[in-house]
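A.B. asks:
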Amino acid sequence: MTQDYSDLRAAVTKLCAKYPGEYWRALDRDMAYPTEFVNDLTKSGWLAVLIPEEFGGAGLPLSAAAAVLEEVQAQGCNGAACHAQMYTMGTLLRHGSQAQKETYLPKIASGELRLQAFGVTEPSSGTDTGALKTTAKIDGDDFVINGQKIWTSRAEHSDLMLLLARTTPLHDGMKKTHGLSVILVDMRTAVGNGLTLRPIRTMMNHATTEVFFDNLRVPRENLIGEEGKGFRYILSGMNAERILIAAECIGDAKWFTKKSVDYANDRKVFDRPIGQNQGVQFPIAKAFANMRAAELMVAEALRLFEAGENPGAEANMAKMLAADASFEAANACVQTHGGFGFAEEYDVERKFRETRLYQVAPISTNLILSYLAEHVLGLPRSY
Ligand SMILES: Cc1cc2nc3c(=O)[nH]c(=O)nc-3n(C[C@H](O)[C@H](O)[C@H](O)COP(=O)(O)OP(=O)(O)OC[C@H]3O[C@@H](n4cnc5c(N)ncnc54)[C@H](O)[C@@H]3O)c2cc1C
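In the working numbering, the protein residues as written are 7 to 389.
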């Protein structure tokens, strides 16, 4: 049984209270990054809970990180501005050299360096990661990087990017997931010297970008782990990523449900609270039941993860069920609010847009279903 971290949750709740709906609405209007919020979370140590104590973090298990992110969402804030640091750091921790860990992790823990950007997805390959085209070729002591990424979120607000690029050209008979490597790019020196970032405006405020590499030179010492094994390293972090995103969705579902219940109790139409009507109650209650079921799957995925197992099925199911539950709760919340569900000042429409993302990223529902069909149920691979 994982802990419930009530003290940690209370402290995160207190921090989040400084960033109410007005703060997020103003950022949303301007598509601006929540710098103060992210700095505050960093200074308070919440983004470093997974970094071992010897490198300046709290050395807590994944369930602590899940509790932080769930609470951030349940308080109406948006962890998408910084959640990647929690799971990209894991690649450095598990596969980086001792020297890399000593160089970067203490600075990431203190906030001196931000590791917020994760460059995997490309415009032409999409979900088919092995088909990515960005190359890193060895030239003396450097890699020379050419290609393009898309949807690299937070790149403008990060110092470091964890990049997946092809270091061995594909040849006949080679598995396309081989020959990919993970490289740590220091964007402080790279931007303007072979690295260009172009923001993408999206349906919600997400600070995401297109990234262009044009003969960008990165020292070979920035290779994480062994050359050619990058796909495996990225895969090894995916359970943690899915579980953490699932926890965020649980937080979102709780926020929507509270908002729905408060409004349904308060709003009077035909001289009685709208919440007295079963037509209003039932969608909220159903979404609540689905959130609770998803929350149990998140707990099970965390339990297995912390027992040292490889809970691919549970992490995927937790992510899918929690994303469905948060979107169901969001939809019920808009309906409960009637016209006001569409008004900016209620925050419901903004959170509705934000939580919709998790049906698609970081992995879309179809890909989770095909994983379950193939790897859990033993059905033929569909792609
Ligand atoms: C706001 C935002 C932020 C993101 N941040 C990052 C980031 O920081 N770093 C990063 O690397 N990526 C990031 N992504 C990318 C994200 O992980 C991808 O969008 C997602 O994995 C889907 O890939 P795609 O968009 O290329 O869709 P595609 O692969 O083109 O798929 C399109 C649709 O087809 C379906 N589909 C594709 N193949 C199959 C199949 N075989 N069977 C059934 N259905 C299929 C998919 O489920 C999807 O619904 C972000 C995306 C968004 C929108």
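All residues carry an ideal CB built from backbone N, CA and C; glycine is no exception.
1) Classify Pro175 as buried or exposed, calling it buried when 16 or more other Cβ atoms lie within 10 Å of its own Cβ.
2) To the nearest angstrom, report how far apart Ala32 and Thr94 are at their CA atoms.
3) Give the secondary structure of Gln122 by DSSP, where H, G and I count as helix, E and B as strand, and everything else as coil.
4) Using 8 Å as the cut-off, can you tell me whether the segment 255-265 makes contact with the segment 195-214, which would need three or more C-beta pairs spanning the two stretches below that distance?
5) Relative to ligand 1, is the shortest distance from any of its heavy atoms to the C-beta of Gly243 smaller than 8 Å?
6) CB-CB under 7 Å to His401, same chain, minus the five flanking residues each way: which ones, in chain order?
7) Would you mind reading off the limits of the alpha helix (DSSP H) that contains Ala335?
8) Is Asp134 near ligand 2 - that is, is its Cβ less than 8 Å away from at least one heavy atom of it?
9) Enumerate in chain order the residues of its own chain whose CB-to-CB distance from Phe218 is below 6 Å, with the five nearest sequence positions on each side excluded.
10) Taking contact to mean at least 3 C-beta pairs separated by less than 8 Å, is the segment 99-107 in contact with the segment 135-155?
11) For Ser266, which residues does DSSP report across the bridge?
12) At least one CB of chain C closer than 9 Å to the CB of Ala367: is that the case?
13) In chain order, what residues of the same chain lie with their CB nearer than 8 Å to the CB of Ala363, ignoring the 5 residues before and after it?
14) One question on the structure: do Leu166 and Leu222 come within less than 9 Å of each other, judged by their Cβ atoms?
15) Terminal residues of the continuous alpha helix (DSSP H) containing Ala161?
16) Tell me which residue opens and which closes the beta strand (DSSP E) that Asn372 is part of.
17) DSSP beta-bridge partners for Pro225?
18) When you measure from the CB of Ser187 to every non-hydrogen atom of ligand 1, does any distance come out below 8 Å?
19) What are the boundary residues of the beta strand (DSSP E) that Ser187 is part of?
20) Determine the DSSP secondary structure at Phe43, reduced to helix, strand or coil.
21) So, Ala90 versus Ser187, is the Cβ gap smaller than 9 Å?
22) Rounded to whole angstroms, what is the Cα-Cα separation between Glu234 and Leu168?
23) Per the contact definition of three or more C-beta pairs closer than 8 Å, is the segment 328-346 in contact with the segment 363-381?
24) In whole angstroms, give me the CA-to-CA distance for Ala291 and Asp258.
25) For a test of the three-state rule: what should DSSP assign to Phe358, helix, strand or coil?
26) In the structure shown, what three-state DSSP assignment does Leu14 receive?
27) Ligand 1 and Trp157: does any heavy atom of the ligand fall closer than 8 Å to the residue's C-beta?
C.D. replies: Reading from the atomic positions:
1) It counts as exposed.
2) When rounded, the distance between both Cα atoms is 29 Å.
3) Secondary structure of Gln122 (DSSP, three-state): strand.
4) Taking 8 Å as the limit for Cβ pairs, the verdict is that the segment 195-214 does not touch the segment 255-265.
5) It does not: the Cβ of Gly243 is nowhere closer than 8 Å to a heavy atom of ligand 1.
6) The shown model of the chain, from 7 to 389, leaves out residue 401, and the question about it has no answer.
7) For Ala335, the enclosing alpha helix (DSSP H) covers residues 318-342.
8) Looking at this structure, you won't find ligand 2 anywhere; what it does contain is ligand 1.
9) Result list for Phe218: Gln154, Thr202, in chain order.
10) Put simply, the segment 99-107 does not touch the segment 135-155. Fewer than three CB pairs are less than 8 Å apart.
11) Residue pairing for Ser266: DSSP places it in no beta bridge.
12) Here there is only one protein chain, and chain C is not present.
13) A small fix is needed here, since residue 363 is Leu in this sequence, not Ala. Ala86, Met210, His212, listed in sequence order.
14) No, the pair does not count as a contact, with Cβ atoms beyond the cut-off.
15) Note, Ala161: premise wrong, no alpha helix (DSSP H); not H, not E.
16) That residue, Asn372, is in no beta strand (DSSP E); its alpha helix (DSSP H) goes 371-377.
17) Pro225 is bridged to Asp148.
18) No, the beta carbon of Ser187 sits no closer than 8 Å to any heavy atom of ligand 1.
19) Annotation for Ser187: the continuous beta strand (DSSP E) segment containing it runs 186-192.
20) Under the three-state reduction of DSSP output, Phe43 falls in the helix class.
21) No; because the gap between Cβ atoms is not below 9 Å, this pair is not in contact.
22) Inspection of the sequence shows that residue 234 is occupied by Gly rather than by Glu. Computed Cα separation, rounded: 15 Å.
23) With the rule of 3 Cβ pairs closer than 8 Å, the segment 363-381 counts as touching the segment 328-346.
24) One Cα belongs to Ala291, the other to Asp258, and the distance between them is close to 15 Å.
25) The answer is helix: DSSP assigns Phe358 an H, G or I state.
26) Helix, per DSSP.
27) Indeed, a heavy atom of ligand 1 lies less than 8 Å from the Cβ.
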